[in-house]
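For reference, the structure is listed below as structure tokens.
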Amino acid sequence: MRAAWMEAFGPGARDFSAPSADPAMPAGLVLSPRAVEEFEVEVMDTPSWGLWGAGLVLFRRGSSLALCGKGSMMAEAAGPSEGGFFWWDLRKSELGERLGEAAGIRKIDAVARLGVAARDFEVSNGEGKVVFRFGVVSVGRAGSLRVLVPRPLRGYGAEAEACCLALGGAEMREGGLLERALADAGVSPHLSSGPARAEIPPGLPAAEALRRVVSPALETAWKNEEGIIRDTDTEFLHDYRVSLRKARSALGLLSGALDAAGVSRVRDALGLMAARTNRLRDLDVYLLARRDHEDSVPEVLRPAVRALFDSLSEERTREQASVASALLAPRHRELTQEISALFDRPDGLAPGPEAEVPIAAAVSARVARRHRKIAKLARDLGAETPDAQLHAIRIQCKKLRYLLEFFAAAVPQAATILEHPLRRLQNRLGAFNDASVQREFLLDLWQHAGPGLPPDRAVAVGTLAGLLHAQGAGFRAGAQRALEALTSPALLKSVRRSLPPVNTIYP
Amino acid sequence: MKIFASYSIKGGVGKTSLSVNLSYAFRCAGLQTLLVDLDPQGAATFYFRVSSTEKFPLKGDGLSVSGLREAIRESDYSGLDILPASPSYRKFDIALDGMRKSRKQLRFLMDELASDYDAVVLDCPPGLTLLSENVFRASDLLLVPVIPTVLSSRTLAQAYEFFAGHDLPAGVIRPFFSMVQSSHRMHHDLMATLPAEFPAFLKTAVPHAASVEKMGLHRSPIQTFDPDCPAARAYAALSLEVLALRGQS
Numbered sequence: 027m028r029a030a031w032m033e034a035f036g037p038g039a040r041d042f043s044a045p046s047a048d049p050a051m052p053a054g055l056v057l058s059p060r061a062v063e064e065f066e067v068e069v070m071d072t073p074s075w076g077l078w079g080a081g082l083v084l085f086r087r088g089s090s091l092a093l094c095g096k097g098s099m100m101a102e103a104a105g106p107s108e109g110g111f112f113w114w115d116l117r118k119s120e121l122g123e124r125l126g127e128a129a130g131i132r133k134i135d136a137v138a139r140l141g142v143a144a145r146d147f148e149v150s151n152g153e154g155k156v157v158f159r160f161g162v163v164s165v166g167r168a169g170s171l172r173v174l175v176p177r178p179l180r181g182y183g184a185e186a187e188a189c190c191l192a193l194g195g196a197e198m199r200e201g202g203l204l205e206r207a208l209a210d211a212g213v214s215p216h217l218s219s220g221p222a223r224a225e226i227p228p229g230l231p232a233a234e235a236l237r238r239v240v241s242p243a244l245e246t247a248w249k250n251e252e253g254i255i256r257d258t259d260t261e262f263l264h265d266y267r268v269s270l271r272k273a274r275s276a277l278g279l280l281s282g283a284l285d286a287a288g289v290s291r292v293r294d295a296l297g298l299m300a301a302r303t304n305r306l307r308d309l310d311v312y313l314l315a316r317r318d319h320e321d322s323v324p325e326v327l328r329p330a331v332r333a334l335f336d337s338l339s340e341e342r343t344r345e346q347a348s349v350a351s352a353l354l355a356p357r358h359r360e361l362t363q364e365i366s367a368l369f370d371r372p373d374g375l376a377p378g379p380e381a382e383v384p385i386a387a388a389v390s391a392r393v394a395r396r397h398r399k400i401a402k403l404a405r406d407l408g409a410e411t412p413d414a415q416l417h418a419i420r421i422q423c424k425k426l427r428y429l430l431e432f433f434a435a436a437v438p439q440a441a442t443i444l445e446h447p448l449r450r451l452q453n454r455l456g457a458f459n460d461a462s463v464q465r466e467f468l469l470d471l472w473q474h475a476g477p478g479l480p481p482d483r484a485v486a487v488g489t490l491a492g493l494l495h496a497q498g499a500g501f502r503a504g505a506q507r508a509l510e511a512l513t514s515p516a517l518l519k520s521v522r523r524s525l526p527p528v529n530t531i532y533p
Numbered sequence: 536m537k538i539f540a541s542y543s544i545k546g547g548v549g550k551t552s553l554s555v556n557l558s559y560a561f562r563c564a565g566l567q568t569l570l571v572d573l574d575p576q577g578a579a580t581f582y583f584r585v586s587s588t589e590k591f592p593l594k595g596d597g598l599s600v601s602g603l604r605e606a607i608r609e610s611d612y613s614g615l616d617i618l619p620a621s622p623s624y625r626k627f628d629i630a631l632d633g634m635r636k637s638r639k640q641l642r643f644l645m646d647e648l649a650s651d652y653d654a655v656v657l658d659c660p661p662g663l664t665l666l667s668e669n670v671f672r673a674s675d676l677l678l679v680p681v682i683p684t685v686l687s688s689r690t691l692a693q694a695y696e697f698f699a700g701h702d703l704p705a706g707v708i709r710p711f712f713s714m715v716q717s718s719h720r721m722h723h724d725l726m727a728t729l730p731a732e733f734p735a736f737l738k739t740a741v742p743h744a745a746s747v748e749k750m751g752l753h754r755s756p757i758q759t760f761d762p763d764c765p766a767a768r769a770y771a772a773l774s775l776e777v778l779a780l781r782g783q784s
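The following block contains the structure:
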């Protein structure tokens with residue numbers, strides 16, 4: 027039977043903050059208090075509230091986990107009684123699978139601790155038969171939030187109705203008990219670790235538009251540093267690098283909006299920050315795919331693959347410590363503050379020659395140029411084309427995507443037209459690139475180890491590299507088809523038409 | 536869903552005690568269980584403090600499914616529901632006799648509950664009637680309490696004869712010794728010889744116990760107020776034995 031405290035967070039609970047002073051039971055019915063329980067329950071989620079975002083709530087009481095969706099319990103399982111965990115740390119279960127879908131590779135940890143006091147009551151008729159049960163659950167500091175959880179028994183609907191009427195209580199207000207309990211505990215679910223989309227009207231001067239993109243991207247990058255230092259999960263580093271890349275890319279894409287020398291110094295600094303984490307990110311990507319890689323080789327090679335990953339895991343521990351130390355260095359802290367200051371104020375960086383050009387005009391020209399450039403690079407693409415050229419196209423596509431992502435409001439039609447084909451291509455190119463990077467990583471490992479690599483490990487490396495090569499070839503074929511769609515004459519024409527000449531919109 | 540009937544031609548052999556305690560044991564084993572009190576005396580209904588109902592209609596064109604669902608009452612033990620006895624069951628045979636496929640009406644009715652319950656226990660009135668034949672055709676196991684006496688064993692033989700004469704599968708009949716007093720010489724002797732004559736006898740035997748009679752005072756299954764008495768342990772063992780027979784252990 028589900029505990030009343032869990033149902034307190036469900037849709038059937040009634041607000042009991044102001045109960046009837048002396049609830050009198052209907053005639054012939056007798057109220058008996060039953061068990062009283064006081065305990066602490068933890069609300070668990072990922073750092074980005076991924077479970078909450080998926081409409082799920084995970085409770086932990088001791089080592090018992092209960093996953094609820096929209097107020098109804100979906101699954102229960104045992105888990106670690108303290109500390110965070112990943113979904114794959116749990117024994118195989120329905121709860122684990124559901125967490126895997128919602129949390130992905132993010133760590134799940136306590137985001138709030140709630141004090142709960144649950145009191146059960148029974149109502150019996152003249153025969154001594156229980157005809158209605160209910161719980162009164164108090165949550166939060168000093169039991170400030172109190173709900174009534176009716177638990178009617180089958181076949182005794184009339185008695186339940188009469189008892190509820192006598193007990194009083196009101197419909198739950200908007201938000202339910204959990205939202206109010208979290209607010210009471212000073213916790214507010216925040217669904218995204220990414221920056222809020224900046225408001226950029228088409229007529230905004232390019233310099234100001236650029237600041238509005240760069241400033242929040244930098245803020246997000248710095249916010250993720252704590253998670254990297256604590257090594258909560260690998261997504262902090264990923265988000266950090268994405269934010270740095272976005273800030274750096276925006277500065278490059280709108281060159282001319284701000285002082286070139288200043289922009290160059292900032293881009294160099296951001297580039298160095300990102301580069302310092304390259305090895306750690308490579309190791310993360312590889313280790314995240316560990317189970318897939320182990321499963322992809324024959325059983326006989328698995329011990330060698332495991333040994334390989336164990337050594338990579340040890341290297342990651344060292345690399346993470348090195349990155350954390352760099353992020354904690356006083357000079358790094360100073361540098362981040364100096365860079366942020368340049369974009370937080372309009373006078374942080376001197377204006378460039380295109381500072382006052384309306385952002386729509388600046389972006390229109392760049393979108394058209396970038397799209398044409400991709401089409402040109404894609405023109406002679408074939409099976410024999412070196413991977414490097416495909417990589418160059420991927421970079422161009424990423425720049426085009428960033429342009430449209432940052433300044434969509436300035437070129438809404440083009441953003442809409444290109445969104446789907448660009449995303450399709452980017453997904454395929456991204457998968458191709460991941461396979462290539464992992465393959466190169468292995469080959470690099472093999473070359474550096476030379477004859478020192480144990481034979482079974484060398485065979486494992488060779489097998490995995492071969493599998494990744496074949497995988498990459500599959501992705502490459504898919505990418506080529508998506509590229510043809512993105513650079514079709516019809517689409518080029520359609521995008522060009524969606525971008526009216528600059529002097530007609532802003533004479 | 537598996538259907539277990541507590542049945543005997545003879546009265547006073549421990550059918551209702553079996554139904555009540557077996558249902559409770561199934562519920563404790565995590566099975567969503569329904570106890571159907573088919574006996575107009577309503578003793579099983581009484582033991583669970585549920586009121587008898589007049590609502591469950593016996594119609595001429597078949598038993599009413601909606602009426603059945605409305606009549607079900609949740610017991611004080613979650614996971615165990617009761618379909619209370621009704622005085623109208625006195626006319627069960629007459630009602631069934633007027634229906635098409637009169638020997639399978641109970642089966643049809645139980646099929647409607649297949650998605651609601653893991654186990655159904657039928658507490659049957661004594662006798663060999665049209666309702667009894669419905670029970671035979673609906674049940675996966677027919678549990679027959681047999682007091683180790685001559686009369687009781689004679690009624691078991693009568694049940695087997697009826698099955699043979701009506702092309703019913705005798706394999707569903709699983710007798711067990713009930714109300715056993717080991718100090719009685721006759722009980723001792725018959726328990727040694729009857730299983731040879733009827734090899735389907737279950738291994739578990741339920742002893743005669745004062746606690747069983749106290750169920751009427753407590754109005755609850757024996758396991759709730761005297762869980763360590765020999766009879767309570769025997770019913771628990773019996774529940775495991777019959778679940779194992781039907782692959783639900």
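Sequence order for the protein chains is A and B. Just remember that the numbering used here sits 26 ahead of the position in the first sequence, which is counted from 1. Just remember that the numbering used here sits 535 ahead of the position in the second sequence, which is counted from 1. All C-beta atoms in this analysis are idealised placements derived from N, C-alpha and C, irrespective of residue type, glycine included. Just so we're clear, the structure is a prediction, and the values are computed from it rather than from any experiment.
**Report entry** Three-state secondary structure (DSSP) of residue 129(A)
**Finding:** helix
Query raised in the report: Of all the CB atoms in chain B, is at least one closer than 8 Å to the CB of residue 55(A)?
Result: Taking Cβ atoms only, chain B never reaches closer than 8 Å to residue 55(A), which makes this a no.
**Report entry** Exposure label - residue 304(A); buried when at least 16 CB within 10 Å
**Finding:** Burial is judged here by how many other beta carbons sit within 10 angstroms of a residue's own beta carbon; residue 304(A) has fewer than 16 and is exposed.
Query raised in the report: How big is the Cα-Cα spacing for residue 660(B) and residue 566(B)?
Result: 25 Å
Query - Segment limits, alpha helix (DSSP H) that includes residue 331(A) - result: 328-354
Query - Cutoff 6 Å; reference residue 616(B); Cβ partners in own chain excluding five residues on either side - result: 569, 607 and 609
Requested in this report: Give the straight-line distance between the Cα atoms of residue 232(A) and residue 294(A), rounded to the nearest whole angstrom.
Outcome: 21 Å
**Report entry** Test item: CB-CB of residue 238(A) and residue 247(A) under 8 Å
**Finding:** No, they are not a contact pair.
Query raised in the report: Under a three-way DSSP split, which group does residue 260(A) fall into?
Result: In the three-state reduction of the DSSP assignment, residue 260(A) falls in the coil class.
Requested in this report: Grab me the residues of residue 522(A)'s own chain with a C-beta within less than 7 Å of its C-beta, minus the 5 sequence neighbours each way, in chain order.
Outcome: Same-chain partners within the cutoff: 394.
Query raised in the report: Which one of 164(A), 154(A) and 486(A) has the shortest CA to CA distance from residue 146(A)?
Result: Answer by Cα proximity: 164(A).
Query raised in the report: Hey, is the segment 201-212 of chain A in contact with the segment 327-347 of chain A, meaning 3+ C-beta pairs nearer than 8 Å?
Result: no
Query raised in the report: Comparing the CB of residue 665(B) with every heavy atom of the ligand SAH, is any distance shorter than 7 Å?
Result: Although the ligand SAH was asked about, the structure shown includes no ligands whatsoever.
**Report entry** C-beta atoms of residue 436(A) and residue 389(A) nearer than 8 Å
**Finding:** yes
Query raised in the report: Are residue 676(B) and residue 709(B) closer than 8 Å when you measure CB to CB?
Result: yes
Query raised in the report: In the DSSP assignment, what residue or residues form a beta bridge with residue 481(A)?
Result: Answer is none; residue 481(A) lacks a bridge partner.
Query - Contacting residues, own chain, Cβ-Cβ under 7 Å from residue 439(A) (five flanking each side not counted) - result: Take residue 439(A), set aside five residues on each side of it, and the residues of its chain with a beta-carbon closer than 7 Å to its own are 524, in chain order.
Query - Beta-carbon proximity of residue 468(A) to residue 487(A), cut-off 8 Å - result: One thing to note: residue 468(A) has its Cβ within 8 Å of the Cβ of residue 487(A).
Query raised in the report: From residue 126(A) to residue 141(A), what distance separates their C-alpha atoms?
Result: Approximately 28 Å between the Cα atoms of the pair.
Requested in this report: Take every Cβ of the segment 449-461 of chain A, pair it with every Cβ of the segment 504-512 of chain A, and state whether three or more of those distances are shorter than 8 Å.
Outcome: yes
Requested in this report: Consult DSSP for residue 32(A) and reduce its assignment to one of helix, strand or coil.
Outcome: helix
**Report entry** 8 Å CB neighbourhood of residue 704(B) in its chain, flanking five on each side removed
**Finding:** 698
Query - Burial state of residue 314(A), where buried means 16 or more other Cβ atoms lie within 10 Å - result: Classification for residue 314(A): exposed.
Query raised in the report: Can the beta-carbon of residue 578(B) be found less than 8 Å from the beta-carbon of residue 778(B)?
Result: no
**Report entry** Neighbour-count burial assignment, residue 558(A), 16 or more Cβ in a 10 Å radius
**Finding:** Residue coverage of chain A in this structure runs from 27 to 533, which leaves residue 558(A) outside it and unanswerable.
Query raised in the report: Are the C-beta of residue 679(B) and some C-beta of chain A separated by less than 8 Å?
Result: no
Query raised in the report: Can you tell which of 728(B), 732(B), 561(B) and 540(B) has its C-alpha closest to the C-alpha of residue 614(B)?
Result: Comparing Cα positions, the closest option is 561(B).
Query raised in the report: From what residue to what residue does the beta strand (DSSP E) around residue 580(B) run?
Result: No beta strand (DSSP E) holds residue 580(B); the alpha helix (DSSP H) holding it covers 578-582.
Report task. Starting from the C-beta of residue 312(A), find all residues in its chain whose C-beta is less than 7 Å away, skip the five residues before and the five after it, and write them out in chain order. Result -> 338, 464 and 467
Query - chain B contact residues for residue 180(A), given Cβ-Cβ distances below 9 Å - result: 607, 608, 609 and 616
Requested in this report: Note the first and the last residue of the continuous alpha helix (DSSP H) segment covering residue 670(B).
Outcome: Under the DSSP assignment, residue 670(B) falls in the alpha helix (DSSP H) whose first and last residues are 665-673.
Query raised in the report: What residues of chain B sit near residue 36(A), judged by a beta carbon separation below 8 Å?
Result: For residue 36(A), none of the residues of chain B pass the 8 Å Cβ criterion, the least Cβ distance being about 17 Å.
Requested in this report: Using only alpha-carbon positions, find the residue among 155(A), 375(A) and 402(A) that is nearest to residue 283(A).
Outcome: 375(A)
Query raised in the report: Using CA coordinates, which residue listed in 674(B), 691(B) and 619(B) is at the minimum distance from residue 680(B)?
Result: 691(B)
Report task. For residue 501(A), write down the residues that DSSP places opposite it in a beta bridge. Result -> None; residue 501(A) has no bridge partner.
Query raised in the report: Does DSSP put residue 659(B) in a helix, a strand or coil?
Result: coil
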